[in-house]
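J.:
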Amino acid sequence: MSETVQIIIEGKEYEFPVVEGSEQEKAIDISKLRAQTGYITLDYGFKNTGSTKSAITYLDGENGILRYRGYSIEELAEKASFVEVAFLLIYGELPNKKQLDYFQDSITQHTLVHENMKRFFEAFPQGAHPMGMLSSMISSLSTFYPESQNPDRSVVDIEKTIHRLIAKLPTLAAQAYKHNMGHPTVYPSNDLGYCGNFLKMMFSLPTEDYEVDPVVESAINKLLILHADHEQNCSTSTVRVVGSSQANLYSSVSAGIAALWGPLHGGANQAVIEMLESIREDGGDLQKWIDKAKDKNDSFRLMGFGHRVYKNFDPRARIIKKAADEVLEQLGVDDPVLDIAKKLEQVALNDSYFVERGLYPNVDFYSGIIYRALNIPTDMFTVMFALGRLPGWIAQWKEMVENREPIGRPRQVFTGSNERSFVGLSDRD
Ligand code: CMC
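So this is what it looks like as structure tokens:
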């Protein structure tokens, strides 16, 4: 007999099924709760709510475990390419040689963006935040590919949209950067790999030769893999909810980019470096900033510390910390802001306030450090996160569509006024 739970409401007992995941995590299926009892559940921020069943990513925050399709993040970051991981997330299995060649070739064929999009960039003010540009650009791709807007789209159309998105996001990200630099656009090089091509579009100039640095390329590959999926986080849930209305994939991903932008989510990596710079400008007194973070009357938080689901060391942070140390050493980077980061990490890791609350440095703490060492400007950090997260968004959107999930539509507990009569303007206080 399958397991059930009893809920007693106003003395009456109701029975609800228990759903068990492949890692034995359990959920109470309350999909019939309102119909049977008239009650709903209240769960701010959906902290206890499973919005779907998903076979993509397994995350155990208490034990610091993260796996994509069963493969540990540690092994993937060590052995795989980002494009392989994208295939794995989206299609469920690691590609064989033929599948990988086809996938890579198809992505390479779609790296150019329509020339008209250059005019959109021209219209943005210089210094426009690249996440704002990226979100707009990705949404506008849907207007160039109207077949993507059809809710009854064919598998072929969906495949094309997926390949186009993976191909064009780095091109648009690099164009946003070049726009802000006031430099000419660098077109994609189809003889380079995914990360190498992106680096060239970002950093090459018409005035000098450019060679991709393998240390930098490998660090970017690792960072993108570590960010590729993180189950039902804020931006991914956004993509699924927007997509559940049958909005096209470009618009759904554009909404995901907007959600990622916030400093409590992907925007934290930018906030980390800004915080470190403020600490340096203020004289570098770390204890003062630690005390501020602990002071309940002060809204300041140590950016890059703590995580919504990891109350243990974030497994991605462990890998990135090692990568950050390697990159800094291999590139011979000497940067006072990075010294402050290292000291802050030590002070916080030994402070009982942070230890007791399980507030460890998260993935954004170290990724910000690496991006800075690679000369990626601060406002591009979250764009780098978006590049990594794209396959996860796509995989989650595809799963939601294939499972024919209903439109996302939470309920509420209404706390406003009861019905009252309209008062004419002259009779109002
Ligand atoms: N600095 C100081 N205190 C903190 C911090 C911090 N960074 N994070 C949490 N706390 C305290 C908080 O004040 C609370 O204390 P108390 O129990 O005394 O009231 C306790 O720790 C629990 O905090 P919470 O807000 O209930 O934790 P949460 O799980 O809801 O929030 C978080 C998680 C990531 C929003 C939060 O830790 C935070 O704001 N961190 C800084 C921003 C950041 O680095 N975000 C990136 C997250 S990783 C990227 C991603 O996956 O999106």
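The sequence shown begins at 10 in our numbering and counts up by one. Every residue gets a Cβ at the ideal spot worked out from N, C-alpha and C, and that includes glycine.
How long is the line joining the alpha carbons of residue 149 and residue 108, rounded to whole angstroms?
T.: By one-based count along the sequence shown, residue 149 stands at place 140. By one-based count along the sequence shown, residue 108 stands at place 99. Each residue's Cα considered, the two are about 30 Å apart.
J.: For residue 382, tell me which candidate among 396, 419, 413, 342 has the shortest Cα-Cα distance.
T.: For the purposes of this step, residue 382 is taken as residue 373 along the sequence shown, with counting starting at 1. Cα-wise, what sits closest to residue 382 is 342.
J.: Tell me whether residue 373 counts as near the ligand CMC, meaning its Cβ is closer than 7 Å to at least one heavy atom of that ligand.
T.: On the sequence shown, position 364 is the one that residue 373 refers to. Yes, since a heavy atom of the ligand CMC falls inside the 7 Å radius drawn around the Cβ of residue 373.
J.: Taking only three categories from DSSP, how would you classify residue 350?
T.: Position 341 of the sequence shown holds residue 350. Residue 350 falls in the helix class under three-state DSSP.
J.: For residue 16, which residues of its own chain have a beta-carbon under 6 Å away from its beta-carbon, when the five flanking residues on both sides are left out?
T.: If you number the sequence shown from 1, residue 16 lands on position 7. Counting only Cβ-Cβ distances below 6 Å, and skipping sequence neighbours, we find 23.
J.: Roughly how many whole angstroms lie between the Cα atoms of residue 390 and residue 191?
T.: Translated into positions along the sequence shown, residue 390 becomes position 381. Translated into positions along the sequence shown, residue 191 becomes position 182. The alpha-carbon atoms of residue 390 and residue 191 are separated by roughly 19 Å.
J.: Within 7 Å: the Cβ of residue 119 and any heavy atom of the ligand CMC?
T.: Position 110 of the sequence shown, counted from the first residue, corresponds to residue 119. Every heavy atom of the ligand CMC is 7 Å or more from the Cβ of residue 119, so no.
J.: Is the number of C-beta pairs between the segment 386-400 and the segment 324-333 that are closer than 8 Å three or more?
T.: With the cut-off at 8 Å, the segment 386-400 and the segment 324-333 do not touch.
J.: Closest to residue 65 by C-alpha separation, out of 356, 78, 30, would be which residue?
T.: By 1-based counting over the sequence shown, the position of residue 65 is 56. Here the closest residue by C-alpha is 78.
J.: Strictly by DSSP, which residues pair up with residue 69?
T.: For the purposes of this step, residue 69 is taken as the residue at position 60 of the sequence shown. Beta-bridge pairing links residue 69 to 74.
J.: Give, in chain order, every unbroken run of the alpha helix (DSSP H) that is at least 4 residues long and sits entirely within the segment 130-157.
T.: Those alpha helix (DSSP H) runs which fall completely within the segment 130-157 and span 4+ residues are 139-153.
J.: If we count the other Cβ atoms within 10 Å of its Cβ and call it buried at 16 or more, is residue 121 buried or exposed?
T.: Residue numbering aside, residue 121 sits at position 112 when the sequence shown is read from its first letter. Under this definition residue 121 is an exposed residue.
J.: Considering Cα atoms alone, identify which of 56, 263, 297 is closest to residue 319.
T.: Taking the sequence shown and counting its residues from 1, one reaches residue 319 at position 310. With distances taken between Cα atoms, residue 319 lies closest to 56.
J.: Helix, strand or coil: how does DSSP classify residue 29 here?
T.: Within the sequence shown, the letter at position 20 stands for residue 29. It is a strand residue.
J.: Please say whether residue 245 and residue 405 have beta carbons closer to each other than 8 Å?
T.: Residue mapping note: residue 405 aligns to position 396 of the sequence shown, counting from 1. Residue mapping note: residue 245 aligns to position 236 of the sequence shown, counting from 1. Yes, the Cβ-Cβ distance between residue 405 and residue 245 is below 8 Å.
J.: In whole angstroms, what is the alpha-carbon distance linking residue 441 and residue 102?
T.: As displayed, the chain neither begins before 10 nor continues past 438, which places residue 441 out of reach and without an answer.
J.: Please classify residue 315 as buried or exposed, where buried requires at least 16 neighbouring CB atoms within 10 angstroms.
T.: Numbered from its first residue, the sequence shown carries residue 315 at position 306. Buried.
J.: Beta-carbon within less than 7 Å of residue 263's beta-carbon, same chain only, minus the 5 sequence neighbours each way: which residues are those?
T.: Position 254 of the sequence shown, counted from the start, is the residue given in the question as residue 263. Excluding residues within five positions, the ones whose Cβ falls inside 7 Å are 144, 147, 148.
J.: Output the boundary residues of the beta strand (DSSP E) element that contains residue 36.
T.: As a first step, residue 36 is located in the sequence shown; it is residue number 27 there, counting from the start. Residue 36 -> beta strand (DSSP E) spans 35-37.
J.: Quick check: the segment 370-384 against the segment 339-355, are there 3 or more CB pairs under 8 Å?
T.: As far as the Cβ criterion goes, the segment 370-384 touches the segment 339-355, which means the pair count is three or higher.
J.: Just checking residue 273 against the ligand CMC - is the residue's beta carbon closer than 7 Å to any of the ligand's heavy atoms?
T.: Taking the first residue of the sequence shown as 1, we reach residue 273 at position 264. The answer is yes for residue 273.
J.: Rank 115, 232, 274, 33 by C-alpha distance to the C-alpha of residue 241 and give the top, closest one.
T.: On the sequence shown, position 232 is the one that residue 241 refers to. Answer by Cα proximity: 274.
J.: Counting pairs of beta carbons, one from the segment 297-312 and one from the segment 280-287, are three or more of them closer than 8 Å?
T.: At 8 Å Cβ cutoff, the stretches touch.
J.: Can you list, in chain order, the stretches of the alpha helix (DSSP H) that have 4 or more residues and sit fully within the segment 75-121?
T.: Counting whole runs of 4 or more residues, the segment 75-121 contains the alpha helix (DSSP H) stretches 82-88, 91-100, 106-118.
J.: At a threshold of 7 Å, does residue 242 count as lining the ligand CMC (C-beta to nearest heavy atom)?
T.: Sequence index remark: in the sequence shown, residue 242 carries index 233 (1-based). Residue 242 Cβ: within cutoff of the ligand CMC.
J.: Mapping the DSSP letters down to three states, classify residue 179 as helix, strand or coil.
T.: Within the sequence shown, numbered from 1, the residue matching residue 179 stands at position 170. In the structure shown, residue 179 sits in a helix (DSSP, three-state: H, G or I).
J.: For a test of your reading of the model: does the CB of residue 315 fall under 7 Å from any non-hydrogen atom of the ligand CMC? Yes or no.
T.: What you label residue 315 is simply residue 306 of the sequence shown in a count that begins at 1. Residue 315: yes, Cβ under 7 Å from the ligand CMC.
J.: Going by beta carbon distance, what residues of the same chain come within less than 8 Å of residue 407, once the five residues before and after it are set aside?
T.: Counted from its first residue, the sequence shown places residue 407 at position 398. Contacts found: 99, 167, 171.
J.: Just to confirm, are residue 92 and residue 85 a CB contact at a threshold of 8 Å?
T.: Within the sequence shown, numbered from 1, the residue matching residue 92 stands at position 83. Within the sequence shown, numbered from 1, the residue matching residue 85 stands at position 76. Going by C-beta atoms, residue 92 is not nearer than 8 Å to residue 85.
J.: Within the continuous alpha helix (DSSP H) that includes residue 288, where are the two ends?
T.: As a working note, residue 288 is residue 279 in the sequence shown. Per DSSP, residue 288 belongs to the alpha helix (DSSP H) from 277-290.
J.: Does the distance between the C-beta of residue 284 and the nearest non-hydrogen atom of the ligand CMC fall short of 7 Å?
T.: On the sequence shown, residue 284 is found 275 positions in, with the first residue counted as 1. No, the ligand CMC has no heavy atom inside 7 Å of this Cβ.
J.: With a threshold of 6 Å on Cβ separation, who are the neighbours of residue 206 within its own chain once the five nearest residues in sequence on each side are excluded?
T.: Residue mapping note: residue 206 aligns to position 197 of the sequence shown, counting from 1. Closer than 6 Å at the Cβ level, and outside the excluded window around residue 206, lie 197, 198.
J.: Is there at least one non-hydrogen atom of the ligand CMC closer than 7 Å to the beta-carbon of residue 312?
T.: For the purposes of this step, residue 312 is identified with residue 303 of the sequence shown, where counting begins at 1. Yes, the Cβ of residue 312 comes within 7 Å of a heavy atom of the ligand CMC.
J.: Rounded to a whole number of angstroms, what is the C-alpha to C-alpha distance between residue 21 and residue 203?
T.: If you number the sequence shown from 1, residue 21 lands on position 12. If you number the sequence shown from 1, residue 203 lands on position 194. Distance between the alpha carbons of residue 21 and residue 203 is about 59 Å.
J.: Can you list, in chain order, the residues of its chain whose CB lies under 8 Å from that of residue 364, leaving out five sequence neighbours each side?
T.: The residue given as residue 364 occupies position 355 in the sequence shown. If we look at residue 364 and ignore the five residues flanking it on each side, its Cβ neighbours are 358.
J.: Could you tell me the distance, in whole angstroms, from the CA atom of residue 347 to the CA atom of residue 306?
T.: Working through the sequence shown from its first residue, we reach residue 347 at position 338. Working through the sequence shown from its first residue, we reach residue 306 at position 297. Distance between the alpha carbons of residue 347 and residue 306: 28 Å.
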